[in-house]
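**Q** If you read the sequences in order, they're chains P and A. Per this note's numbering, residue 31 is the first one in the first sequence, and the count goes up by one each step. Per this note's numbering, residue 16 is the first one in the second sequence, and the count goes up by one each step. First, the structure itself, so that you have it in front of you.
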Amino acid sequence: SQTIHQWPATLVQPVGSPLSLECTVEGTSNPNLYWYRQAAGRGLQLLFYSVGIGQISSEVPQNLSASRPQDRQFILSSKKLLLSDSGFYLCACLGQLHGYTFGSGTRLTVV
Amino acid sequence: SQQGEEDPQALSIQEGENATMNCSYKTSINNLQWYRQNSGRGLVHLILIRSNEREKHSGRLRVTLDTSKKSSSLLITASRAADTASYFCATGLIPGGSYIPTFGRGTSLIVHP
Numbered sequence: 031s032q033t034i035h036q037w038p039a040t041l042v043q044p045v046g047s048p049l050s051l052e053c054t055v056e057g058t059s060n061p062n063l064y065w066y067r068q069a070a071g072r073g074l075q076l077l078f079y080s081v082g083i084g085q086i087s088s089e090v091p092q093n094l095s096a097s098r099p100q101d102r103q104f105i106l107s108s109k110k111l112l113l114s115d116s117g118f119y120l121c122a123c124l125g126q127l128h129g130y131t132f133g134s135g136t137r138l139t140v141v
Numbered sequence: 016s017q018q019g020e021e022d023p024q025a026l027s028i029q030e031g032e033n034a035t036m037n038c039s040y041k042t043s044i045n046n047l048q049w050y051r052q053n054s055g056r057g058l059v060h061l062i063l064i065r066s067n068e069r070e071k072h073s074g075r076l077r078v079t080l081d082t083s084k085k086s087s088s089l090l091i092t093a094s095r096a097a098d099t100a101s102y103f104c105a106t107g108l109i110p111g112g113s114y115i116p117t118f119g120r121g122t123s124l125i126v127h128p
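Shown next, in the form of structure tokens:
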């Protein structure tokens with residue numbers, strides 16, 4: 031079964047600073063990968079998904095971008111963070127039985 | 016895109032009682048999944064039910080699916096304090112071969128010891 035490593039667990043960044051969150055997957059190859067954001071007490075908003083290296087689909091226009099430089103690496107970035115970028119970011123991988131494996135998440139606070 | 020919507024938004028029960036959460040969705044699905052999220056953590060996959068299944072069990076969990084009503088329910092029997100968490104349903108789409116899960120806002124379950 032696959033395992034997702036996501037870091038850092040928490041991050042406090044000033045407005046206007048850059049962001050890079052990394053997610054790596056073990057135990058599978060050529061996975062579908064996803065980045066979600068969860069606001070406090072809310073559901074999960076799909077931000078990006080990728081079906082392969084260099085293939086990124088964006089679900090919502092925003093201040094963020096994603097890249098997939100390697101098969102099992104998915105990166106979420108921003109050049110200049112906004113206060114509204116605060117939230118809980120989750121990386122997920124599609125499993126073979128169509129269930130999803132999630133990383134432990136990164137809580138981002140933009141101050 | 017379609018979205019699962021959980022009901023109720025919050026549920027508070029005593030240990031030993033059963034907890035029932037519902038999920039409604041909008042369009043045809045090929046499967047529906049339930050997840051659990053402890054506070055500040057990632058989601059953990061609990062159970063998947065396919066569109067041709069009506070009921071599925073896993074331990075103290077029972078999931079039903081009614082595709083005619085576009086709804087599903089998650090029953091946790093003999094609840095424990097450790098079941099306290101948020102529960103989400105998710106449905107998947109396969110547009111153009113990509114599988115994109117969409118989640119509702121979740122049901123926040125509190126089980127009092």
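Ideal Cβ placement from N, Cα and C applies to all residues, glycine included. Remember, it's a predicted structure, so these values are computed and weren't measured experimentally.
Of all the beta strand (DSSP E) runs that stay within the bounds of the stretch 47 to 134 of chain P, which reach a length of 3 or more residues?
**A** You should have 49 to 56, 63 to 68, 74 to 82, 85 to 88, 95 to 100, 103 to 108, 117 to 124, 130 to 132.
**Q** Quick check on A/Ala34: does DSSP put it in helix, strand or coil?
**A** One-based indexing of the second sequence puts residue 34 of chain A at position 19. Strand, per DSSP.
**Q** Is A/Arg120 buried or exposed, if buried means 16 or more other CB atoms sit within 10 Å of its CB?
**A** Position 105 of the second sequence, counted from the start, is the residue given in the question as residue 120 of chain A. Its Cβ being crowded by 16 or more others within 10 Å, A/Arg120 is buried.
**Q** Relative to the C-alpha of A/Thr82, which residue among A/Leu124, A/Phe103, A/Ile125, A/Leu47 is closest?
**A** Translated into positions along the second sequence, residue 82 of chain A becomes position 67. For the residues A/Leu124, A/Phe103, A/Ile125, A/Leu47, the minimum Cα distance to A/Thr82 belongs to A/Leu47.
**Q** Say whether chain A places a C-beta atom closer than 8 Å to the C-beta of P/Thr58.
**A** Here residue 58 of chain P corresponds to residue number 28 of the first sequence, with the count starting at 1. Output row for P/Thr58: interface = no.
**Q** Take the Cβ of P/Ile105 as the centre, count every other Cβ of all protein chains shown within 10 Å, and call the residue buried at 16 or more, exposed below.
**A** The count along the first sequence starts at 1 and reaches residue 105 of chain P at position 75. So P/Ile105 counts as buried.
**Q** Looking only at its own chain, which residues have a Cβ that is under 6 Å from the Cβ of A/Ser27, when we skip the five neighbours before and after it?
**A** The residue you call residue 27 of chain A lines up with position 12 of the second sequence. Excluding residues within five positions, the ones whose Cβ falls inside 6 Å are Ile125.
**Q** I need the DSSP call for A/Ala105, collapsed to helix, strand or coil.
**A** The residue labelled residue 105 of chain A in the question sits at position 90 within the second sequence. It is a strand residue.
**Q** May I ask you to list the residues that DSSP assigns as paired with P/Thr40?
**A** If you number the first sequence from 1, residue 40 of chain P lands on position 10. Note: P/Thr40 sits in a beta bridge opposite P/Arg137.
**Q** Inspect the CB distances between the stretch 38 to 55 of chain A and the stretch 96 to 110 of chain A and report whether three or more fall short of 8 Å.
**A** With a cut-off of 8 Å, the stretch 96 to 110 of chain A and the stretch 38 to 55 of chain A count as touching, because enough Cβ pairs lie within range.
**Q** Assess, as a yes-or-no matter, whether the stretch 113 to 120 of chain P is touched by the stretch 128 to 138 of chain P under the definition of 3 or more beta carbon pairs within less than 8 Å.
**A** Taking 8 Å as the limit for Cβ pairs, the verdict is that the stretch 113 to 120 of chain P does touch the stretch 128 to 138 of chain P.
**Q** By the three-class DSSP mapping on this structure, what secondary structure does A/Ala93 have?
**A** Stepping through the second sequence from its first residue, residue 93 of chain A is reached at position 78. Reduced to three states, the DSSP call for A/Ala93 is coil.
**Q** Name the residues in the stretch 98 to 129 of chain P whose C-beta lies less than 9 Å from a C-beta of chain A; which are they?
**A** From the stretch 98 to 129 of chain P, only Phe118, Leu120, Cys121, Ala122, Leu124, Gly125, Leu127, His128, Gly129 have a Cβ closer than 9 Å to chain A.
**Q** Taking C-beta to C-beta, are A/Met36 and A/Ser88 nearer than 8 Å?
**A** Position 21 of the second sequence, counted from the first residue, corresponds to residue 36 of chain A. Position 73 of the second sequence, counted from the first residue, corresponds to residue 88 of chain A. Yes, the Cβ-Cβ distance between A/Met36 and A/Ser88 is below 8 Å.
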